[in-house]
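Top line first, the protein sequences correspond to chains B and D. In this text, residue positions in the first sequence follow my numbering: the first is 1, and each later residue adds one. In this text, residue positions in the second sequence follow my numbering: the first is 1001, and each later residue adds one. The C-beta atom is built at its ideal place from N, Cα and C for all residues, glycine as well. Worksheet: the structure to be examined is printed underneath.
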Amino acid sequence: MSRVVARNEWRRLFAQPLAWVLLAATLAVLAYFFLLTLQGFLGLSPKLAGMPSPPGVTDLVALPLMRAIASVLLLVAPLLGMRAIAGERQSGTLPLLQSSGTGSAGIVFGKFAALCGFFIVLIALALAMPASLAVGTQLDWGRLATGALGLILFAAALTAIAIAASSFTRQAVVAAIAALAIGLVLWMLDAGARYEGVSSSFINYLALPTHLEPFLRGIVATVDIVYFALIVAVALTLAARRLDAERERG
Amino acid sequence: MAASALLQLQGVSRRLAGRTIVKDLTLSLDRGCVLGLLGVNGAGKSTTLRMIAGVLAPSAGKVLFDGRDLGEEPALARRLGYLPETPPLYAELRVDEYLAFCALLRGMHTADARKAVDRVIERCGLGEVRRRLCGNLSKGFAQRAGIAQAIVHDPDLIVLDEPASGLDPVQAASIRKLVSELGRERAVILSTHLLHDVTACCARVAILHRGRLRHDGALADLGGNDVEGESLEKAFFRIASADDAQAAA
């Protein structure tokens, strides 16, 4: 039944302004950023022509854009996921789902799937900007693809965290702030270590950029996929357990 | 009879935040019967219904649905329909979209769901608002949409928490009529603090006070030669006020 929950969530998402506003605002900001980097690249290109093996448009335009998408996701995922369960609680619709025999895991997974669908659309639209350069130049499609995969996994992890935060509260804003804080902590976790020049310790392993960056550089490693999958699994399990506990605790 | 009853509550208790809300409640209900759960505010009616609907787990005792434990087989919940105190409507969905979702959620197929939605819209008199957003419904229509949601998948057991609350007398009467109709082939349990709800559509009445079951029997059994409503009122007031006197003493 989580498919029914997902479809309903998707429909409700686009029946409300929040998703549209987030989508429009995000794409507007990213488009501006894209045009700036593109202009920078065009300014550089006479110099690049003289280099023996110059960095291409993928390195100088697509890579910075993908990093910008990641930073934007850090903010957008909590905003979109904040209402996932807190909103149901607030509007009194949670009993409908709970008394439907769907089960907590089904409810949580359905919502997760719908929100991931939104981020796939967002990432695809954002990456259509560098892809459009294919009209005039050679693109490294492989790196765009791995970058897209990495960003989707990254968004999935952040969404799962937002849903988990949302399952613990009735106020959506509280969930958004908690999810944002957790996301930022995971993002900057190893900043201190890197500042000290440590780049391969355990704390580096825990941080989000450590696992996102290889995708953006065209490397798909199992360890990175496992890392994101683990975050998703832990966060969604936590959310489902919290819903189960609600039956016991009231 | 007890073994085959559709719904059985066996010594069900529930504590919330350190207070005992429902204590040692034993009750059974079969198809073709409308049971009115009567009690003053705070008597534990809503908590009882939430346990029956599987939204809340009992602290002790068991809720058996067709002889099987709802806590162990959550999928059984598809065979019951539940209207909570506030109708669980998604404000941004149209009424027909919302009802279709509710039908699918309880495991109906798409084609069946469409027919079921048409049926329930007619039955609950939602025809004129079927394309309106749930968030824009008046209180009466919202309540009716809430009932429609609870019966769209043709459940065996219907659990209604104050179905007539906040409605005007005409709307309340039409809801009572609907409930009595539903009770012909299904089991219906509804909570209320209005005596008139009970006399109008229930065959059986259970009176809950301070979380305990104080009376359970056919409406007709409630004493003497009085008109039904009047004797029910007497019984209700006796139960409600006797305890208050006790508590005060």
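Whole angstroms is fine: what's the gap from Arg242(B)'s alpha carbon to Pro95(B)'s?
Residue 242(B) sits at position 242 when you count from the first residue of the first sequence. Residue 95(B) sits at position 95 when you count from the first residue of the first sequence. Each residue's Cα considered, the two are about 14 angstroms apart.
What span of residues does the alpha helix (DSSP H) with Val1012(D) cover, start to end?
Your numbering for residue 1012(D) matches position 12 in the second sequence. It is not in any alpha helix (DSSP H) - Val1012(D) instead sits in the beta strand (DSSP E) that spans 1007–1016.
Would you decide whether Thr1026(D) is buried or exposed? Buried here means 16 or more other CB atoms lie within 10 Å of its CB.
Numbered from 1 along the second sequence, position 26 holds the residue referred to as residue 1026(D). Answer is exposed; the Cβ neighbour count stays below 16.
Helix, strand or coil: how does DSSP classify Ala1060(D) here?
Counted from its first residue, the second sequence places residue 1060(D) at position 60. Strand at Ala1060(D).
Tell me which same chain residues have a C-beta within less than 7 angstroms of the C-beta of Glu9(B), skipping the five on either side of it?
Start at 1 with the first residue of the first sequence, and residue 9(B) comes out as number 9. Correct list, in chain order: Gly110, Lys111, Ala114.
When you compare only the Cα positions, how much space is there between Gly81(B) and Leu158(B)?
Counted from its first residue, the first sequence places residue 81(B) at position 81. Counted from its first residue, the first sequence places residue 158(B) at position 158. Rounded to whole angstroms, Gly81(B) to Leu158(B) spans 9 angstroms at the Cα level.
Less than 9 angstroms between the beta carbons of Ala176(B) and Ala162(B), yes or no?
By 1-based counting over the first sequence, the position of residue 176(B) is 176. By 1-based counting over the first sequence, the position of residue 162(B) is 162. Yes.
Thinking C-beta only, is Gln1143(D) closer than 9 angstroms to Gly1166(D)?
If you number the second sequence from 1, residue 1166(D) lands on position 166. If you number the second sequence from 1, residue 1143(D) lands on position 143. Yes; because the gap between Cβ atoms is below 9 angstroms, this pair is in contact.
With distance defined between alpha-carbon atoms, name the residue in Ser1138(D), Arg1210(D), Val1063(D) nearest to Ile1021(D).
Position 21 of the second sequence, counted from the start, is the residue given in the question as residue 1021(D). It is Arg1210(D) whose Cα lies nearest to the Cα of Ile1021(D).
Are any of the Cβ atoms in chain B nearer than 9 angstroms to that of Gly1044(D)?
As a first step, residue 1044(D) must be located in the second sequence, where it is residue number 44. Judged by the 9 angstroms Cβ criterion, Gly1044(D) is not in contact with chain B.
Does any C-beta atom of chain B lie closer than 9 angstroms to the C-beta of Pro1163(D)?
Residue 1163(D) sits at position 163 when you count from the first residue of the second sequence. No, Pro1163(D) does not count as interfacial toward chain B.
Under 8 angstroms Cβ to Cβ from Gly142(B), same chain only, skipping five residues before and after it: list those, please.
The residue given as residue 142(B) occupies position 142 in the first sequence. Result list for Gly142(B): Gly218, in chain order.
Looking at Ala164(B): is its Cβ nearer than 9 angstroms to the Cβ of Leu238(B)?
In the first sequence, counting from the first residue as 1, residue 164(B) sits at position 164. In the first sequence, counting from the first residue as 1, residue 238(B) sits at position 238. Against a cut-off of 9 angstroms, the Cβ pair of Leu238(B) and Ala164(B) comes out as a contact.
Considering only residues of the segment 1097–1171 of chain D, which uninterrupted beta strand (DSSP E) runs meet the minimum length of 3 residues and lie entirely inside it, listed in chain order?
The qualifying runs are 1157–1161.
Got a sec: is the Cβ-Cβ distance from Ser99(B) to anything in chain D below 9 angstroms?
Here residue 99(B) corresponds to residue number 99 of the first sequence, with the count starting at 1. Yes, because at least one Cβ of chain D sits closer than 9 angstroms to the Cβ of Ser99(B).
Using only CA atoms, which one of Val226(B), Ile225(B), Trp20(B) lies nearest to Phe119(B)?
The count along the first sequence starts at 1 and reaches residue 119(B) at position 119. Minimum Cα distance to Phe119(B) is reached at Trp20(B).
If we cut at 9 angstroms on Cβ distances, does Met1(B) have a partner in chain D?
On the first sequence, residue 1(B) is found 1 positions in, with the first residue counted as 1. For Met1(B), the answer is yes, since a Cβ of chain D falls inside 9 angstroms of its Cβ.
Around the C-beta of Ala24(B), are 16 or more other C-beta atoms found within 10 angstroms, so that it is buried, or is it exposed?
Here residue 24(B) refers to the residue found at position 24 of the first sequence. Exposed, by the Cβ-count rule.
Apart from the five residues just before and just after Ala1053(D), which ones in its own chain have a Cβ nearer than 6 angstroms to its Cβ?
Within the second sequence, numbered from 1, the residue matching residue 1053(D) stands at position 53. Closer than 6 angstroms at Cβ, skipping near neighbours: Tyr1082, Val1159.
Quick one: what's His1215(D) bridged to in DSSP?
For the purposes of this step, residue 1215(D) is taken as the residue at position 215 of the second sequence. Paired residue(s): Ile1207(D).
Kindly list the residues whose CB is nearer than 8 angstroms to the CB of Leu1194(D), restricted to its own chain and excluding five residues on each side of it in sequence; keep chain order.
Taking the second sequence and counting its residues from 1, the one referred to as residue 1194(D) is at position 194. Ala1164.
Could you check if His1109(D) is buried or exposed, using at least 16 other CB atoms within 10 Å of its CB as the buried criterion?
For the purposes of this step, residue 1109(D) is taken as the residue at position 109 of the second sequence. It counts as exposed.
For Thr26(B) and Leu125(B), I'd like the C-alpha separation in whole angstroms.
Working through the first sequence from its first residue, we reach residue 26(B) at position 26. Working through the first sequence from its first residue, we reach residue 125(B) at position 125. If you take the alpha carbons of Thr26(B) and Leu125(B), they lie about 10 angstroms apart.
Would you please verify whether the beta carbon of Thr93(B) is less than 9 angstroms from any beta carbon of chain D?
Taking the first residue of the first sequence as 1, we reach residue 93(B) at position 93. Yes, because at least one Cβ of chain D sits closer than 9 angstroms to the Cβ of Thr93(B).
Quick check on Val1120(D) - is its C-beta less than 9 angstroms from some C-beta in chain B?
For the purposes of this step, residue 1120(D) is identified with residue 120 of the second sequence, where counting begins at 1. Closer than 9 angstroms: no.
State the Cα-Cα distance for the pair Ala84(B) and Ala178(B), rounded to the nearest angstrom.
On the first sequence, residue 84(B) is found 84 positions in, with the first residue counted as 1. On the first sequence, residue 178(B) is found 178 positions in, with the first residue counted as 1. Taking the straight line joining both Cα atoms gives about 14 angstroms.
From Glu196(B) to Ala105(B), what distance separates their C-alpha atoms?
The residue labelled residue 196(B) in the question sits at position 196 within the first sequence. The residue labelled residue 105(B) in the question sits at position 105 within the first sequence. For Glu196(B) and Ala105(B), the distance between alpha carbons rounds to 42 angstroms.
How many whole angstroms separate the CB atoms of Ala1148(D) and Ile1121(D), which I take to be in contact at a CB cut-off of 8 angstroms?
In the second sequence, the residue the question calls residue 1148(D) occupies position 148. In the second sequence, the residue the question calls residue 1121(D) occupies position 121. Between Ile1121(D) and Ala1148(D) the Cβ distance is about 7 angstroms, and since that is below 8 angstroms, they are a contact.
Around the Cβ of Ala28(B), are there at least 16 other Cβ atoms within 10 angstroms (buried) or fewer (exposed)?
For this step, residue 28(B) is matched to residue 28 along the first sequence. Flag for Ala28(B) reads exposed.
What in chain D is Cβ-close to Gln16(B), meaning under 8 angstroms?
Residue 16(B) sits at position 16 when you count from the first residue of the first sequence. Within 8 angstroms Cβ-Cβ: Glu1092.
Which partner residues does Arg1094(D) have in the DSSP bridge list?
One-based indexing of the second sequence puts residue 1094(D) at position 94. BP columns for Arg1094(D) point to Leu1133(D).
Are the Cβ atoms of Leu1093(D) and Arg89(B) separated by less than 9 angstroms?
Residue mapping note: residue 1093(D) aligns to position 93 of the second sequence, counting from 1. Residue mapping note: residue 89(B) aligns to position 89 of the first sequence, counting from 1. Cβ atoms of Leu1093(D) and Arg89(B): not closer than 9 angstroms.
Quick one: list the residues of chain B neighbouring Pro1074(D), beta-carbon separation under 7 angstroms, in chain order.
For the purposes of this step, residue 1074(D) is taken as the residue at position 74 of the second sequence. Under the 7 angstroms cutoff, chain B gives Gly101, Gly103.
Which whole-angstrom value is the C-beta distance of Cys1033(D) and Tyr1090(D), which I expect to be below 8 angstroms?
Position 33 of the second sequence holds residue 1033(D). Position 90 of the second sequence holds residue 1090(D). Incorrect: roughly 32 angstroms between the Cβ atoms, too far for contact.
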